[in-house]
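Number 170 in the numbering used here belongs to position 168 of the sequence shown; there are no gaps in the numbering.
The beta-carbon is built from N, C-alpha and C at its ideal position, and this holds for glycine as well.
Contents: one structure, followed by commentary.
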Amino acid sequence: MISRTNLAKAAAIKYRVAAILTVPAVLLFLVAGSVAWAVNDAGLYRNGFQRYNTAARSGITDADLIAIGAELRRYFNTSDEPLAVRAPIYGIEQDVFNAREVAHMYDVKRLVRGTYWVAVGSALWIAATLAGGFALRRREYVEPAARLALWGGGVTLAAVVGVGLASVAAFEELFLLFHQLSFANDLWILDPRTDYLLILFPGPFWFDATMRVALTAVLGAVLLLSIGGAVLCYERWQSKRRIRD
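Right under this line is the structure:
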């Protein structure tokens with residue numbers, strides 16, 4: 003028969019493992035959440051179109067470019083298939099994306115949806131770990147939770163800054179590697195002279211988007227570090243005060 007002590011020890015070990023896994027869960031949540039925010043941010047699309055003079059290069063008006071961006075975001079967030087976007091190009095109404103681009107966007111949509119699930123799953127893991135910790139230890143769990151925030155924020159900050167610096171040094175190589183690892187086909191190999199996915203979203207746009215994601219994740223990590231550090235400092239101050247009293 004298993005004693006209550008052994009059961010308690012087993013539960014403690016399981017919870018400790020769950021807590022350790024919360025650190026990478028924080029990294030996944032901050033990065034995946036930042037990606038999801040960027041994908042759905044109309045301002046990111048609009049600023050990219052303006053910065054890279056997309057209207058003049060594509061023959062599509064600014065108003066229609068905004069509409070195309072909205073249609074892409076709608077596509078990512080619905081089950082509608084296939085992607086069908088029409089707009090006047092140099093005054094002639096036509097399909098914006100060809101069959102190869104449409105097929106590639108199906109793969110991109112699956113990747114985006116996967117990112118959503120990573121964000122949700124990691125958030126649930128973090129919430130369950132914290133809820134379990136406070137349920138079991140109540141007030142005593144404040145310091146362990148603060149340390150988790152410090153570790154999660156620190157690991158995220160180190161990882162994102164590292165990738166960000168690598169992107170600054172060799173973005174094209176990393177962007178190529180990302181496509182090779184993320185897609186099981188070569189549909190992502192497009193012609194920048196004729197394919198509108200590359201005309202509307204050139205390489206510099208993706209560099210900007212990557213930096214935006216990195217900055218958002220870094221800000222989240224810094225916030226966690228600040229909160230975790232402040233809570234630990236407060237708890238230690240309270241502990242010293244109780245000892246003096």
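Bridge partner(s) assigned by DSSP for residue i
i, result
"I94", "I91"
Whole-angstrom C-beta distance between residue j and residue i, which should lie under 8 Å
i, j, result
"L159", "V220", "6 Å"
"A34", "V120", "4 Å"
"L192", "L202", "With a Cβ gap of about 11 Å, L192 and L202 do not count as contacting."
"V114", "F78", "5 Å"
"G61", "I91", "5 Å"
"T218", "W39", "6 Å"
"F180", "F209", "With a Cβ gap of about 12 Å, F180 and F209 do not count as contacting."
Contact check, residue i vs residue j, beta carbons under 8 Å
i, j, result
"P146", "G156", "no"
"E83", "Y108", "yes"
"V37", "V215", "yes"
"S169", "L30", "no"
"G222", "L32", "yes"
"R102", "L178", "no"
"A57", "I128", "no"
"V104", "E237", "no"
"N42", "R76", "no"
"T131", "T24", "yes"
Cβ-heavy atom distance, residue i to the ligand SAH, below 7 Å
i, result
"S184", "Inclusion of the ligand SAH in the displayed structure is not the case, the ligand content being empty and no account of it being possible."
Counting only runs of 4+ residues fully inside the region 127-192, write out the alpha helix (DSSP H) ranges in chain order.
144-184
Measuring CB atoms only, is the region 135-154 touching the region 226-236, in the sense that at least three cross pairs come out at less than 8 Å?
yes
When the Cβ atoms of the region 87-105 are set against those of the region 63-70, are three or more pairs found closer than 8 Å?
yes
Is the region 48-60 in contact with the region 233-247, if contact means three or more CB pairs nearer than 8 Å?
no
Give, in chain order, every unbroken run of the beta strand (DSSP E) that is at least 3 residues long and sits entirely within the region 7-75.
none
Output the residue ranges of the alpha helix (DSSP H) runs that lie fully inside the region 195-234 and measure 4 residues or longer, sorted by chain position.
198-202
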